[in-house]
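Notes follow the structure.
In my numbering, the protein residues as written are 7 to 218.
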């Protein structure tokens, strides 16, 4: 039973990572007018579903466990302590804030409040405890990154194939790129997508596929 629950957990986390790295970068609703909000809604929905599923699996595993002492024995790694410290400081920051609502939910359209930080730490522990998802996550990330980059290049050459700039004044258009949104978000996304693609290129056996 324990192995079956572990297998289900790994499948759920694999699906989640595929959604985050493969679909989230491409999610668009009304162009740049609500891009941050729609992406956060997607992220929050997927993360909350994962959280609910993991909690259910945890409860089932707890009920079925015959050795509760072993069940609650947790082995922490070096990175775990940094994640826990980050969580503690996030709570302290929230408690010390004079603007509790903003501290909890985050500033409008940014949504980086305490609840988001809790999700980040939860995701870290889930992914770090799951089995290796294999190269499929890197392939999906590479495809999504290629699409995002091609759209950005076309926009910089004056083409807007999907009409994302519709309703955006010319003076502000240079602030937004591709399906990511603000140019600072785009550069941050590339800081994740490029290393993942380089990892695939360096480790994949078929170098032709890796180069693509």
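Built from N, CA and C at the ideal position, the CB exists for glycine as well.
Quantities reported herein were computed from a predicted structural model and do not represent experimental measurements.
Item: Rounded straight-line distance, which links the Cα of residue 24 to that of residue 146; Value: 7 Å
Item: Residue 119 - DSSP class collapsed to helix/strand/coil; Value: coil
Item: Bounding residues of the alpha helix (DSSP H) (the contiguous stretch that carries residue 84); Value: 84-102
Item: Below-9 Å beta-carbon distance, residue 109 vs any chain C residue; Value: No chain C appears in this structure, which consists of one protein chain only.
Item: For residue 57, three-class secondary structure by DSSP; Value: helix
Item: Burial state of residue 119, where buried means 16 or more other Cβ atoms lie within 10 Å; Value: buried
Item: Residue from 44, 51, 96 and 199 with nearest C-alpha to residue 22; Value: 51
Item: Backbone CA spacing between residue 90 and residue 82 [nearest angstrom]; Value: 10 Å
Item: Within 9 Å, strictly: CB atoms of residue 2 and residue 19; Value: Here the chain covers residues 7 to 218 and nothing more, so residue 2 does not appear.
Item: Helix, strand or coil at residue 28 according to DSSP, with G and I counted as helix; Value: helix
Item: Closest by C-alpha distance to residue 205, when choosing among 154, 143 and 86; Value: 143
Item: Chain-order list of residues whose beta-carbon lies under 7 Å from that of residue 185 (same chain, five-residue window excluded); Value: 31, 32, 34, 154 and 157
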